[in-house]
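Some notes on the structure that comes next.
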Amino acid sequence: MSGYDAKHIINTDQSGFSYEYVSKRTLENIGNKHVLVSAQSVHATTHSYTIQPMLNMNGELLGKLMIILQEPDGEFGPRVQKDINQYLPPNVVVTCSKSGKSNNKIIKQFLIECLKPVSSDNFILMQDSWSAHNDVAEIEDIFGDKCTLLVIPEGTTDHIQPLAVY
């Protein structure tokens, strides 16, 4: 990574969340046949969302945060889209998928709307080994030869990826 300024070495990663997590443990006596558990919303226990921030080697959060929400049809309805357009802060990009997780289309959107505005003429993009992240042809199409892609080897992400240990 020599020859690169620390602010031009960028890491991005996705983190998934459930809207509400309900523990599988209770404070009921062992052997009790009927255990009641409460949740705010059944919908919130089965639906998820994903965030994708960016961090440079200086430890600075960069640009826009991408949030991927789960929508049954993979698209926002008109009312939700209106609220997003009205209330979304300028440093956030919101999109959706049926699963609440990323896909090739969303990754391309992330590269164009989030990464490209903060990238320099010569930068390193460091990502985990998930194949959809590392479509070299897509990255070259968007950034040309300005981006050097470093792929963190599978099985080592939890130990060396900055956003996994940050």
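Numbering of the sequence shown is given in this note's numbering, commencing with residue 30 and proceeding in unit increments.
A virtual CB, placed ideally from N, CA and C, is assigned to each residue, including glycine.
- Contact between the stretch 84-99 and the stretch 118-132 is present: 3 or more CB-CB pairs across the two stretches fall below 8 angstroms.
- In the three-state DSSP reduction, N114 falls in the helix class (H, G or I).
- Note on the stretch 143-174: whole alpha helix (DSSP H) runs with a minimum of 4 residues are 165-172, in chain order.
- Counting only residues of its own chain and dropping the five nearest sequence neighbours on each side, I135 has a CB closer than 7 angstroms to the CB of I97, T124 and S126.
- Sequence-distant partners of L117 (beyond 5 residues in either direction) whose C-beta falls short of 7 angstroms from its own C-beta, in its chain, are V123.
- For the set L154, M30 and Q43, the Cα lying nearest the Cα of C176 is the one of L154.
- Measuring C-alpha to C-alpha distances from K137 to each of I39, F172 and S44 identifies F172 as the nearest.
- Along the length of the stretch 73-111, whole beta strand (DSSP E) runs at least 3 residues long occupy 77-81, 83-85 and 94-99, reported in chain order.
- For I135, the enclosing alpha helix (DSSP H) has its first and last residue at N133 to F139.
- A direct Cα-Cα distance of roughly 44 angstroms separates Y33 from G106.
- Closest option to P146, judged by alpha-carbon separation, among K93, E104 and L84: K93.
- The shortest C-alpha to C-alpha distance from S148 to any of I113, V64, D174 and S131 is the one to D174.
- Rounded to the nearest whole angstrom, the CA to CA distance from G45 to M83 is 15 angstroms.
- Within a 10 Å sphere around the beta-carbon of Q115 sit fewer than 16 other beta-carbons, which makes this residue exposed.
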